[in-house]
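Colleague: Shown below is the structure under consideration.
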Amino acid sequence: MTTSVILAVLLAAVLHASWNAMAKGGKDKTLSMAAVIIGHSPFALVALVFVPLPTVASLPYLAGGMVLHFGYQVFLINSYKIGDLTQVYPIARGIAPLIVAAVSVLFLNVHLGWTETFAVLLIGLGILSLGLVRTHGGGRNPKAAMLAVTTGCFIAGYSLVDGMGARVAQTAVGFYSVLALLNAVVFAIYLRWQRPGVLSRLPREGARTFVLGGFASFAAYSLVVWGFTQAPIALVTALRETSIIFALLIGVFFMKERLDLAKVLSTFMTLAGAILLRFARS
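One point on numbering: in the numbering used here, the residue at position 91 of the sequence shown is 97, and numbering is uninterrupted.
What follows is the structure, given as structure tokens:
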């Protein structure tokens with residue numbers, strides 16, 4: 007993996023952790039998530055002025071990605087309603103690279119060297135181990151953990167579909183821009199059905215998250231989708247999940263969540279995997 011791809015994916019990790027903290031920190035988690043998702047729209051429209059539209063052949067991937075992103079967002083909202091950022095985020099993000107790596111090797115004819123495989127496992131296990139620590143109140147939260155595991159399965163699914171779709175589309179940013187617009191429409195329809203008052207409150211109560219969270223989320227995943235076209239999807243997915251380190255720092259220092267030795271050790275394990283991935287063969 008080249009240095010430019012690594013730097014782009016690490017920047018995406020910072021942005022991703024930031025918007026997740028905004029979504030978790032809001033009083034109404036559904037409103038915060040809606041602001042981020044619908045907040046993609048203006049940035050996606052601007053991007054489409056400068057980049058080509060995806061090819062017709064990528065339409066099935068756009069449809070699949072739309073379904074998987076929607077499932078991810080719904081389960082993430084419910085996870086954040088009952089779990090800490092430093093519990094939910096590690097589990098959801100940690101299980102994804104392990105699933106993606108397994109599917110890539112077993113079904114997509116991707117070959118990972120021993121060093122790359124070990125790096126992916128180290129990152130995944132380091133992140134997953136963070137999810138096993140106790141919450142800020144000192145107890146465990148198995149329901150939040152199970153919701154986070156399901157969220158992680160959706161992450162793995164859309165990572166694979168979007169990675170293949172962006173390659174077929176022949177434009178990473180164009181592919182994700184169209185996907186973001188479709189996803190915003192689907193989520194808005196969902197809100198009208200489940201929480202009809204949220205959309206009307208969005209301009210008044212969610213303007214800041216709409217702009218900042220929408221930009222951070224759109225930019226983060228655009229970088230990741232571009233990375234999917236430059237390096238194996240499994241490696242990009244694994245490196246992207248180092249965002250948990252930034253989420254941990256945000257959760258502890260800004261959201262006053264619990265810090266202990268287990269979290270520190272798990273974070274260093276994740277960081278070691280990311281460093282090892284840098285020195286693995288391309």
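Using N, Cα and C, we set each Cβ at its ideal position, and we do this for glycine too. This structure is a prediction, so every number in the text was calculated from the model and none was measured.
I'd like to check one pair, Ala-98 with Ala-154: are the Cβ atoms closer than 7 Å?
Modeller: yes
Colleague: Helix, strand or coil: how does DSSP classify Lys-33 here?
Modeller: coil
Colleague: Give the straight-line distance between the Cα atoms of Ser-206 and Ala-108, rounded to the nearest whole angstrom.
Modeller: 43 Å
Colleague: Do Ala-162 and Ile-43 have their C-beta atoms closer together than 7 Å?
Modeller: no
Colleague: Give the secondary structure of His-142 by DSSP, where H, G and I count as helix, E and B as strand, and everything else as coil.
Modeller: Any reading at His-142 must be qualified, since the residue scores a pLDDT of 48, below 50, and its modelled position is unreliable; the value itself is stated next. In this structure, His-142 counts as coil in the three-state DSSP scheme.
Colleague: Report the three-state DSSP secondary structure of Leu-114 (helix, strand or coil).
Modeller: coil
Colleague: With Arg-201 as the anchor, note down where its alpha helix (DSSP H) starts and where it stops.
Modeller: From DSSP, Arg-201 is part of no alpha helix (DSSP H); its letter is neither H nor E.
Colleague: Taking the Cβ atom as the reference point for each residue, do Ile-101 and Thr-276 lie within a distance shorter than 7 Å?
Modeller: No, the pair does not count as a contact, with Cβ atoms beyond the cut-off.
Colleague: So for Asp-90, helix, strand or coil by DSSP?
Modeller: Reduced to three states, the DSSP call for Asp-90 is coil.
Colleague: Just checking, does the segment 232–242 make contact with the segment 60–71 on the three C-beta pairs under 8 Å criterion?
Modeller: no
Colleague: For Leu-54, which of Thr-248, Gln-236 and Phe-224 has the nearest alpha-carbon?
Modeller: Phe-224
Colleague: For Val-231, does the three-state DSSP call read helix, strand or coil?
Modeller: helix
Colleague: Report yes if the C-beta distance between Tyr-164 and His-46 is below 7 Å; otherwise report no.
Modeller: No. Outside cutoff.
Colleague: Do you know whose CA, among Leu-104, Trp-199 and Val-258, lies nearest Cys-159's CA?
Modeller: Leu-104
Colleague: Quick one: what's got a C-beta closer than 8 Å to Val-126's C-beta in the same chain, skipping five residues either side?
Modeller: Pro-103, Leu-104, Ala-107, Leu-118, Ala-240, Leu-241, Ala-244, Gly-279 and Leu-283
Colleague: Does the Cβ-Cβ distance between Lys-149 and Tyr-86 come in under 7 Å?
Modeller: no
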